[in-house]
Amino acid sequence: GKGEYDHFMLKEIHEQPTSLAQAIEGRIDPENGRIALDGFEPGAFEEIDSVQLIACGTSYHAALYGSLALNQAGVESTALLANEYSVAAPPVDEDTLVIAVTQSGETADTLNALRQAKSEGADTLTVTNVVGSTAAREADDALFIRAGPEIGVAATKTFSSQAVMLTLLAQRIADDAAGEPAADLEALLPDLAAMPEQIEGILADSDAEWIASRYQDSRSYFFIGRGLGYPVALEGALKFKEITYEHAEGFASGELKHGPLALVTPETPVFAVFTGEEDEKTLKNAEEAQTRGAPVVAVCPDDHRAVEVADAHLEIPETDPDLAGLLANVQLQLVSYYAADLLDRPIDKPRNLAKSVTVE
Ligand code: M6R
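Sequential numbering of the sequence shown, starting at 9, is according to the numbering used here.
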């Protein structure tokens with residue numbers, strides 16, 4: 009049941025400290041501080057020379073997160089919408105790893121893309137939440153995110169766990185390719201371990217409800233981010249439109265001035281995600297919107313320069329840029345939730361949507 013919560017979505021948002029701890033558990037070897045994955049011997053990914061991640065919806069945003077993490081770790085990688093794969097797949101061979109990212113493991117579009125990649129000779133893997141799902145059975149290998157059942161149609165805790173799982177996997181693939189531990193990993197591990205507690209902190213003391221009510225009469229809601237903040241901006245907007253039925257869009261910060269800026273008015277709040285990746289550029293982009301009257305909500309640590317500039321602030325603790333976007337995402341989940349609640353929407357079952365889309 010929902011227990012003390014009004015909706016499964018809120019319950020699942022609050023489960024993230026636990027579900028993330030479960031995603032990480034046992035996957036860092038205490039002996040050598042490297043990523044240990046069940047069923048993958050050291051060097052298992054040595055031969056992989058490129059990675060394609062395929063997924064839909066929120067899982068696509070996690071896939072994009074993973075793909076950027078791989079690229080940043082020096083591994084060639086692309087995220088592709090599974091429903092576009094049949095018309096737009098880049099070539100694969102046996103040194104291509106194709107990763108199907110799917111919470112349910114039953115999404116028809118994703119399964120079709122997985123089958124196509126497999127038939128063309130790629131090495132396949134699924135990152136899924138459901139043991140025994142079709143994706144888990146059909147892919148050559150499976151990694152489970154261990155988030156527990158998710159009832160709300162809006163994916164929340166499973167997005168966080170997918171992104172963390174893919175961050176670990178990216179480090180591991182980069183490690184295997186280089187034949188030595190990637191330097192980045194050492195810096196990342198303490199922040200990864202701190203993440204469940206940091207999310208507890210966000211959940212205990214978020215201004216999201218107040219922000220949702222402050223901007224509730226807006227015309228449209230924009231979300232911007234750069235680097236790993238970009239998939240988080242996309243996810244922030246998807247969650248918002250899905251459960252509030254209000255118009256929302258996510259953009260790469262630098263794209264605002266290439267078109268979307270024409271939509272910006274005092275009635276279009278801009279949520280800006282700061283991850284520590286060229287934040288000064290993102291701040292400049294946010295200020296360009298602010299000059300046109302848009303209120304800017306900065307999602308960043310307390311002592312960040314953006315706090316002085318922005319009209320409102322959602323605080324996240326200091327962490328590694330590899331993880332900051334996931335903390336920001338928790339704040340954005342709460343904003344969507346409270347915005348939808350103010351509008352009295354059926355949060356756990358938005359109109360026209362199904363938890364698992366088993367048709368093409
Ligand atoms: O089960 P999957 O992860 O394959 O589902 C893919 C999408 O249908 C799903 O992520 C959808 O976008 C979310 N429920 C949105 O919150």
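Glycine included, C-beta positions come from ideal geometry on N, C-alpha and C.
{"Asked": "Using three-state DSSP, classify Val-240 as helix, strand or coil.", "Found": "helix"}
{"Asked": "Rounded to whole angstroms, what's the CA-CA distance from Leu-88 to Leu-264? Just pull it up for me.", "Found": "22 angstroms"}
{"Asked": "State the Cα-Cα distance for the pair Tyr-238 and Lys-289, rounded to the nearest angstrom.", "Found": "13 angstroms"}
{"Asked": "Counting pairs of Cβ atoms below 8 angstroms between the stretch 268-276 and the stretch 318-325, do you hit three or more?", "Found": "no"}
{"Asked": "To test your reading of the DSSP string, which unbroken alpha helix (DSSP H) runs of 4 or more residues are found completely within the stretch 69-129?", "Found": "93-96, 116-127"}
{"Asked": "Identify, in the order they occur along the chain, each residue of the same chain with its Cβ nearer than 8 angstroms to the Cβ of Gly-370, setting aside the five sequence neighbours on each side.", "Found": "Nothing in the structure corresponds to residue 370, since the chain is present only between 9 and 368."}
{"Asked": "Going along the chain, which residues of its own chain have a beta-carbon closer than 6 angstroms to the beta-carbon of Ala-121, five neighbours each way excluded?", "Found": "Ile-62, Ala-90, Tyr-93"}
{"Asked": "Between the C-alpha atoms of Arg-222 and Ala-280, what's the straight-line distance to the nearest angstrom?", "Found": "16 angstroms"}
{"Asked": "By Cβ distance below 6 angstroms, which residues in the same chain neighbour Ile-159 in space, the five residues on each side in sequence not counted?", "Found": "Phe-16"}
{"Asked": "If you run the structure through DSSP and keep just helix, strand and coil, what is Asp-149?", "Found": "strand"}
{"Asked": "Taking the DSSP output, what are the residues bridged to Ser-58?", "Found": "Thr-104"}
{"Asked": "Answer yes or no: the CB of Val-365 versus the heavy atoms of the ligand M6R, is any distance below 7 angstroms?", "Found": "yes"}
{"Asked": "Grab me the residues of Glu-326's own chain with a C-beta within less than 6 angstroms of its C-beta, minus the 5 sequence neighbours each way, in chain order.", "Found": "Pro-309"}
{"Asked": "Hey, quick one: how far does the alpha helix (DSSP H) through Thr-166 stretch, first residue to last?", "Found": "165-186"}
{"Asked": "Using three-state DSSP, classify Phe-16 as helix, strand or coil.", "Found": "helix"}
{"Asked": "Along the chain, which unbroken stretches of the alpha helix (DSSP H) at least 4 residues long are found entirely within the stretch 298-365?", "Found": "314-317, 329-350"}
{"Asked": "Is the CB-CB distance between Ala-336 and Val-304 below 8 angstroms?", "Found": "no"}
{"Asked": "Among the residues of its own chain, which have a CB less than 6 angstroms from the CB of Ala-241, if the five just before and after it don't count?", "Found": "Phe-231, Ile-232, Gly-233, Gly-258, Val-281"}
{"Asked": "Within 10 angstroms of the Cβ of Ser-127, are there 16 or more other Cβ atoms? Answer buried if so, exposed if not.", "Found": "exposed"}
{"Asked": "Under 7 angstroms from any heavy atom of the ligand M6R, does the C-beta of Gln-24 make it?", "Found": "no"}
{"Asked": "Around the C-beta of Arg-35, are 16 or more other C-beta atoms found within 10 angstroms, so that it is buried, or is it exposed?", "Found": "buried"}
{"Asked": "Apply the 10 Å Cβ neighbour rule to Thr-104 and answer buried if 16 or more other Cβ atoms are within range, or exposed otherwise.", "Found": "buried"}
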